[in-house]
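Residue numbers (the working numbering), protein chains in the order written: chain A, 51 to 249; chain B, 51 to 249; chain C, 51 to 249; chain D, 51 to 249.
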DNA sequence: AATGAATGAGAGTTCATTCAT
DNA sequence: AATGAATGAACTCTCATTCAT
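Written as structure tokens, this is what we have:
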């Protein structure tokens, strides 16, 4: 259910394989180094077969965008009380930051592409707005529940948190990232008045 | 005035013009769309002239990196008391975020390139480490001066601030950025116990 | 009939056509004037098609080397008695010298390239060694059979003959070559005690 | 007297230096790898200076041809009796073959160029004709003097010798060349009835 | 559904040559 | 006499895309 690549029959899902291969290639080499021939080779098919499924390189990239956004939106808060949702969300995001470096690399490439790609810009605008709204409301609830300092501006705090998470996602100083992530999320807890992210 | 295009003599500085053109092109089209012919055309010279000054495209890119880092490092704290430095630094960075969008776009492209470019990775590692150290020490001094809450972890706070600034630099939702920047820097002030960034 | 351009099926053998075209171009203009675009044009294909079959210009050249060596080695002695082999070999070489000027031009270009191309140097070393060995043994047999003067040094005579044949292959004084070839081969007969090369 | 590069004053002879550098470059890399910039650099001058002395690359090459031919013609027989001249000539040529490999490499490059360069073709035609005439007459005299077998055809023998010398000059099997040269020249002595080339 | 073959357009790079100084 | 700067033309090679099969 999580994976959209789950084959519905035993025949190989070329389409999904190609998207996965493109996703990997972007994570490894960026858009700058994305070659359709490499993608086709990674998926074990001929370059012409790639174009059978995706008329253009751009169409393939769209599908990669879809997959990346899908994976990203899974980290959005689900059910439970506001406090629980906030904790879970932070927890999931922290884990994602540490474990799924590929996702962030691809997201970074997409973000940098957005200014030149109106569709992409729209997608990010939507998802950012949704993320911000969600986080802001959760913080507001947390204040209502007396956990968080009422002097905190939910709007600003949400913006800060999203900005910081995005900043952490950037691939600088790869080796230091886990510690930095922990440091930043500790600050989040402090700001929100939460004791621990991981109980 | 900042701009290097101001001719100090009557002979044009091709080298600088080419770097500037490449810088602009990267800001506009990313590395993905960087073409030496376009750069040469923008600088008003023949493509062969570009190669007269820069043996390879990569050499040109190195110079762009140099210029971007130079511009970035100008925003590092200079003189004055710890509190003053902190205020000034935040002020300068905030203005840079709002006004020099190109710089951040280029920096973003460079950051995404770093994992594939050891030299670049090293440069960012150095500058990040320097930035973090500087900020951490300033926060520590601010605590000593009784301005900032002693419960604040200077290390973690510095990491958070840097991450948030990087996050703000990403080019999503261009239109919203000035407000987001203000929101985030308000949070910084709150965390650090400063009243206002811009008097 | 020797030519490989005779289509054995109705689909054209691009690979062979390209090698043949490159061979011709080298014969006409030397390596100095060898241009992949010309080769592709001669073969009636796009330059990209050339690179489809030969990843680099160098790879194409290797194939030309292969063809030239193949054609050359066909002139090596085959079956029959020593005397017969010797006569046939001289006969074949003499005809090759007179009729297939292209081959010698290409061989000359290759020979001059050998000092800068270890692979080529090795190929020539091998084929020269083989040629010398073969010729020396045939001369030795000819001496045993009482045809050739026992005072003749088979080793030195073989070296002389090979050197002279190579010298004849050089493209100086094109017009005079047939006569010079006949003169030289007459000297060979005299040295070896053979009456006539061509009955 | 032998060296044409002898400076007639204490100022450096750029012209000669450039020709020498071009000569060396051709010997090392062939015409295929001859670059005016390299030549200029080797001569320690700017590329524009090269064009000051030689309007075109071709003009520079002409001068190299001149130098190579000059050096080559020095090996032509000089004074003395026919037998002496023959001996000396063979001796000088043998030494040249062994010691001045560069000369032969350059000559080889020039010979291969001749078919595409009428001027060069003419030069070689002249020098070859002269060489052949000289050698033929010397052999005829040697016969008259009773040293050489009267059955030997001076014309053919001269052709054979020139061909063999040219063949030896080719750069195959560099390591073996001294021995091969000795072998071939021993054959020459045998054919001509001379006892030893080098006493 | 899949492929080998082929291509147009364009990429970075090279090189002999020119020109103002 | 000599040069740094500049260029047009051309080079090898690449890549997304197409097409016959």
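Cβ coordinates follow ideal geometry from the N, Cα and C atoms, glycine included. What you are looking at is a predicted structure, and each value in this text was computed from that prediction instead of being measured.
Grouping DSSP H, G and I as helix and E and B as strand, with all else coil, what is residue i?
{"i": "residue 201 (chain C)", "result": "coil"}
{"i": "residue 129 (chain D)", "result": "coil"}
{"i": "residue 71 (chain C)", "result": "helix"}
{"i": "residue 208 (chain C)", "result": "helix"}
{"i": "residue 93 (chain A)", "result": "coil"}
{"i": "residue 243 (chain D)", "result": "coil"}
{"i": "residue 221 (chain B)", "result": "coil"}
{"i": "residue 137 (chain A)", "result": "helix"}
{"i": "residue 55 (chain B)", "result": "Because residue 55 (chain B) sits at a pLDDT of 42, beneath the cut-off of 50, its placement in the model cannot be relied upon, and the following sentence gives the value as read from the coordinates. Looking at residue 55 (chain B) - three-state DSSP - the assignment turns out to be coil, as it is neither helix nor strand."}
{"i": "residue 226 (chain D)", "result": "helix"}
{"i": "residue 85 (chain A)", "result": "coil"}
{"i": "residue 238 (chain A)", "result": "helix"}
{"i": "residue 63 (chain B)", "result": "coil"}
{"i": "residue 232 (chain C)", "result": "helix"}
Between which two residues does the alpha helix (DSSP H) carrying residue i extend?
{"i": "residue 180 (chain A)", "result": "168-194"}
{"i": "residue 108 (chain A)", "result": "107-123"}
{"i": "residue 159 (chain A)", "result": "151-163"}
From residue i to residue j, what does the alpha carbon distance come to, in whole angstroms?
{"i": "residue 153 (chain D)", "j": "residue 106 (chain C)", "result": "32 Å"}
{"i": "residue 73 (chain A)", "j": "residue 91 (chain A)", "result": "14 Å"}
{"i": "residue 140 (chain C)", "j": "residue 188 (chain C)", "result": "12 Å"}
{"i": "residue 216 (chain C)", "j": "residue 200 (chain C)", "result": "26 Å"}
{"i": "residue 120 (chain B)", "j": "residue 114 (chain A)", "result": "35 Å"}
{"i": "residue 76 (chain C)", "j": "residue 230 (chain C)", "result": "25 Å"}
{"i": "residue 246 (chain C)", "j": "residue 232 (chain C)", "result": "For residue 246 (chain C), the predicted model reports a pLDDT of 48, less than 50, meaning its position is unreliable and no value from the coordinates is stated."}
{"i": "residue 238 (chain A)", "j": "residue 148 (chain A)", "result": "16 Å"}
{"i": "residue 194 (chain B)", "j": "residue 241 (chain B)", "result": "15 Å"}
{"i": "residue 157 (chain B)", "j": "residue 93 (chain C)", "result": "48 Å"}
{"i": "residue 134 (chain A)", "j": "residue 186 (chain A)", "result": "15 Å"}
{"i": "residue 62 (chain A)", "j": "residue 69 (chain A)", "result": "13 Å"}
{"i": "residue 192 (chain B)", "j": "residue 138 (chain B)", "result": "14 Å"}
{"i": "residue 244 (chain A)", "j": "residue 198 (chain A)", "result": "8 Å"}
{"i": "residue 95 (chain A)", "j": "residue 122 (chain A)", "result": "28 Å"}
{"i": "residue 100 (chain A)", "j": "residue 99 (chain C)", "result": "20 Å"}
{"i": "residue 170 (chain D)", "j": "residue 160 (chain D)", "result": "7 Å"}
{"i": "residue 83 (chain C)", "j": "residue 145 (chain B)", "result": "59 Å"}
{"i": "residue 173 (chain D)", "j": "residue 109 (chain D)", "result": "16 Å"}
{"i": "residue 196 (chain A)", "j": "residue 97 (chain A)", "result": "59 Å"}
{"i": "residue 128 (chain B)", "j": "residue 176 (chain B)", "result": "18 Å"}
{"i": "residue 67 (chain C)", "j": "residue 178 (chain A)", "result": "58 Å"}
{"i": "residue 126 (chain A)", "j": "residue 85 (chain B)", "result": "39 Å"}
{"i": "residue 52 (chain C)", "j": "residue 116 (chain C)", "result": "Because residue 52 (chain C) sits at a pLDDT of 40, beneath the cut-off of 50, its placement in the model cannot be relied upon, and the following sentence gives the value as read from the coordinates. Using only the alpha carbons, I get a separation of about 16 Å."}
{"i": "residue 87 (chain D)", "j": "residue 213 (chain B)", "result": "51 Å"}
{"i": "residue 71 (chain B)", "j": "residue 80 (chain B)", "result": "13 Å"}
{"i": "residue 236 (chain B)", "j": "residue 136 (chain A)", "result": "22 Å"}
{"i": "residue 130 (chain C)", "j": "residue 118 (chain D)", "result": "46 Å"}
{"i": "residue 202 (chain B)", "j": "residue 89 (chain A)", "result": "48 Å"}
{"i": "residue 226 (chain D)", "j": "residue 102 (chain C)", "result": "40 Å"}
So the candidates are the options; which of them puts its Cα closest to the Cα of residue i?
{"i": "residue 234 (chain C)", "options": "D:145, D:239, D:204 and D:64", "result": "D:204"}
{"i": "residue 143 (chain B)", "options": "B:64, B:228, B:195 and B:102", "result": "B:228"}
{"i": "residue 124 (chain C)", "options": "C:150, C:133 and C:99", "result": "C:150"}
{"i": "residue 190 (chain B)", "options": "B:110, B:104, B:128 and B:132", "result": "B:132"}
{"i": "residue 155 (chain B)", "options": "B:236, B:71 and B:78", "result": "B:78"}
{"i": "residue 104 (chain A)", "options": "A:65, A:178 and A:81", "result": "A:65"}
{"i": "residue 112 (chain D)", "options": "D:202, D:168 and D:226", "result": "D:168"}
Examine the Cβ distances between the stretch 205-216 of chain C and the stretch 168-185 of chain C and report whether three or more of them are shorter than 8 Å.
For the pair of segments examined, the stretch 205-216 of chain C was found to touch the stretch 168-185 of chain C: the number of CB pairs separated by less than 8 Å reaches three.
For the pair the stretch 158-172 of chain A and the stretch 217-231 of chain B, tell me if three or more CB-CB distances fall below 8 Å.
By the Cβ test, the stretch 158-172 of chain A is in contact with the stretch 217-231 of chain B, since at least three Cβ pairs between them sit closer than 8 Å.
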